[in-house]
Each structure stands twice: as structure tokens, then as C-alpha cells.
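Peer 1: Quick one: structure below, then a few questions.
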Amino acid sequence: MMVVIFGLSKMSGTGTNLTTDQSILLDGAKLVKENGETVVTVVNFSDMECPACKRAHSLIGGLYSDNIPGVKIVFRHFPLGIHKNSIITARAVEAARVMGKGFEMIDLLFDTQEEWTGESKIEDMLVEYAKSLGLDEKIFKEKLNSVEVAEVVQQDVNLGNSLRLSGTPTIYVNGEQMAVDFVMDKVTELLKKNNGN
441 MMVVIFGLSK
451 MSGTGTNLTT
461 DQSILLDGAK
471 LVKENGETVV
481 TVVNFSDMEC
491 PACKRAHSLI
501 GGLYSDNIPG
511 VKIVFRHFPL
521 GIHKNSIITA
531 RAVEAARVMG
541 KGFEMIDLLF
551 DTQEEWTGES
561 KIEDMLVEYA
571 KSLGLDEKIF
581 KEKLNSVEVA
591 EVVQQDVNLG
601 NSLRLSGTPT
611 IYVNGEQMAV
621 DFVMDKVTEL
631 LKKNNGN
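All the letters of the sequence shown, read from the start, carry residue numbers 441 to 637 under the working numbering.
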């Protein structure tokens, strides 16, 4: 079965919208981590094969792993057509998410990006990565190629297109689009402000 993902011809860069209603950014989101009452919401549109996204992940990845009180982190897919394996790796993340290891797969794929970028036998590599996370090979393969997973990726792409994103990474903090270098400072500022500091 082949599923075509539309809207993947965008190039890397920043989006055109400066602020966006958070309810739009969160609608249908599947990869969400939060700890307690949300003060700060970070929404990251990313492409697993994008080198700039890997760099962004290294700068804001602590938001995913540290489970910071008051922070909600949302990962959304925006695979770019210029990257050969961006769609299948987005599907791999979603397949792992369905199996309870989505954020772990994000970390693993960014950590190993140089190994699989441009590879033609990527599915075999993804299966090995899934197994290294303790996921069942057969179920992972089924999910990887499922309509369910393809639809989740397409939903994120459709949202990105409706927001007129021009590339990845595109990151919003409480609905405000900002460059990755300023995200952690903004999160810290908003948390301190909420705590009266």
C-alpha cells in the first residue's frame, strides 16, 4: 500500500506567522508531554532528516526528557520533500508512539541521523532501531506501514501547510513563533514570571 503525503515541497527556514492561536497548534496533536498545570506550551514542527531540526533538538531536547513542571511540549511532523527519508522516519516515530516509545524514537533518530540519511534500505534500519527500544518487530512493521500512522503524519503536514510554514524547524512558544536559539530563554522567562520571580 502506498500513501502519498502532499505538501512536502517546502524548504528550510522560518514561517510567516508571528503568533498563532494555541488551540490550532494543539488540535489533534499526538506527541505531547506535560507535567502538571501548563504554563508554557512549546510546539515544534520538525523533519527527522533535517540537520537544522537535529540541532534544534539538541538545544530544546531537555524539554522532552526533563519533564519540567508547567511545560507542555508538542512534537509535530513537517517532513520536507527535499529529504528522501523524512516521511518514513516520521511514520517510524508515529509507529513507536502508538507502541509507547514515540519520544524515545525521536531521540534515537536524531542521535543516529547521519547513519540513515539518504539510505535506500531505511526500513530495515528503522526496524533495528525499534527493536533496540524494546518494540516488537512485527507490530512495529505493521504500524509503520499502516493508514493510521500515515494519516497522523498527513494531519500534521496539513496543519503546517495551513499555517504556511516555510520550513523546519518551526517552533512556537505559547503561540508565538520564535527562533530555536531563544526558546529555552523564553520558557525560563515565562516560568519565572508565572512563579512571581
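Glycine included, C-beta positions come from ideal geometry on N, C-alpha and C.
#1: If I'm right that histidine 523 touches glutamate 489 with Cβ under 8 angstroms, what's the distance once you round it to whole angstroms?
#2: Closer than 6 angstroms by C-beta to leucine 549: which residues in its own chain qualify, once you throw out the five before and the five after it? Chain order, please.
#3: Tell whether a beta-carbon distance below 7 angstroms holds between leucine 573 and glutamate 544.
#4: So who's on the other strand from isoleucine 523, going by DSSP bridges?
#5: Using only alpha-carbon positions, find the residue among Ile562, Val627, Val511 and Gly542 that is nearest to valine 592.
#6: For the 8 angstroms Cβ check, are there 3 or more pairs between the segment 601-616 and the segment 460-468?
#7: From this set, Ser486, Gly521, Asn635 and Leu584, which residue's C-alpha is nearest methionine 539's C-alpha?
#8: Which partner residues of asparagine 484 appear in the DSSP bridge assignment?
#9: According to DSSP, which residues form a beta bridge with glutamate 474?
#10: How long is the line joining the alpha carbons of isoleucine 513 and tyrosine 504, rounded to whole angstroms?
#11: Using DSSP with H/G/I as helix, E/B as strand and the rest coil, what is methionine 545?
#12: Rounded to whole angstroms, what is the Cα-Cα separation between aspartate 564 and alanine 570?
#13: Helix, strand or coil for histidine 539, going by three-state DSSP, please let me know.
#14: If the criterion is Cβ atoms closer than 7 angstroms, does the pair threonine 608 and phenylalanine 515 meet it?
Peer 2: Here's the rundown:
#1: 4 angstroms
#2: Met488 and Thr529
#3: yes
#4: Position check: residue 523 holds histidine in this sequence, whereas isoleucine was assumed. Bridge partners of histidine 523: none, in fact.
#5: Gly542
#6: yes
#7: Leu584
#8: Phe515 and Ile611
#9: Lys512
#10: 7 angstroms
#11: helix
#12: 10 angstroms
#13: One point to set straight first is that residue 539 is methionine, not histidine, in the sequence displayed. Reduced to three states, the DSSP call for methionine 539 is coil.
#14: no
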